[in-house]
Structures are given as structure tokens and as C-alpha cells.
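S.K.: One structure follows; several queries about it will come next.
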């Protein structure tokens, strides 16, 4: 499996705004994917962004999983696997 490190927009999160567990991201090609579980330090950074920027309505991933939309502007750096199913690991929050 080959991984690429890319900056992308996070469109939402799963969990609470104070303790997000996963991000929902828009990959190149407009594919929406759920990230692997966030580390504690990344979750704190995302929670700070959500506290300042706010959040939106509930939406659903292509698999039907509900998530809370995030305000625009949350850019994260991810390792994205190039397999049939997107494996996305957040490695950095750009805010």
C-alpha cells in the first residue's frame, strides 16, 4: 500500500465538539471519507477550532454514518492510502 501526505479540508467530525473522535474529510476527486481515530493532541486542536468557528447541521457519509458538519477553514494534513478503500490518518491540523 502506498501513502501520500496531503493537505485537505475537513468537512465535519464524529463525536462531540469538545472531544471529536474522527474527522470527515473531502479527498481529491470529491470523495468523502472518515479518518482513523484522532490522537488526543489532534482532537484538542480540532476542538479549539470548533469552539471558535462553530459547527453546522448533521450530514451523512456515503456509508450512511451521521456526522456534524464543521465550519469552513479547517485544513488538515493527512496520510491517505491508495487502496480501494480510503484509509485516512490525520497527522497535523493547519486550522
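In my numbering, the protein residues as written are 34 to 128. For glycine and all other residues, C-beta sits at the position ideal for the given N, C-alpha and C.
Just grab the DSSP bridge partners of residue 37 for me.
M.R.: 113
S.K.: Pull up the DSSP beta-bridge partners for residue 45, would you.
M.R.: Answer by DSSP bridge pairing, in chain order: 57, 102.
S.K.: Counting beta carbon pairs with one atom in the segment 62 to 70 and one in the segment 79 to 90, are three or more of them shorter than 8 Å?
M.R.: no
S.K.: Any contact between the segment 42 to 62 and the segment 98 to 109? By contact I mean 3 or more CB pairs, one from each, below 8 Å.
M.R.: yes
S.K.: Taking the alpha-carbon positions, what's the residue 121 to residue 91 distance?
M.R.: 21 Å
S.K.: Among 98, 102, 111, whose alpha-carbon lies nearest the alpha-carbon of residue 50?
M.R.: When C-alpha distances from residue 50 are compared across 98, 102, 111, the shortest belongs to 102.
S.K.: Would you list the residues sitting across from residue 126 in a DSSP beta bridge?
M.R.: Answer is 109.
S.K.: With 16 as the cutoff for other CB atoms within 10 Å, does residue 76 come out buried or exposed?
M.R.: buried
S.K.: Under three-state DSSP, which class holds residue 86?
M.R.: If DSSP states are grouped into helix, strand and coil, residue 86 belongs with the helices.
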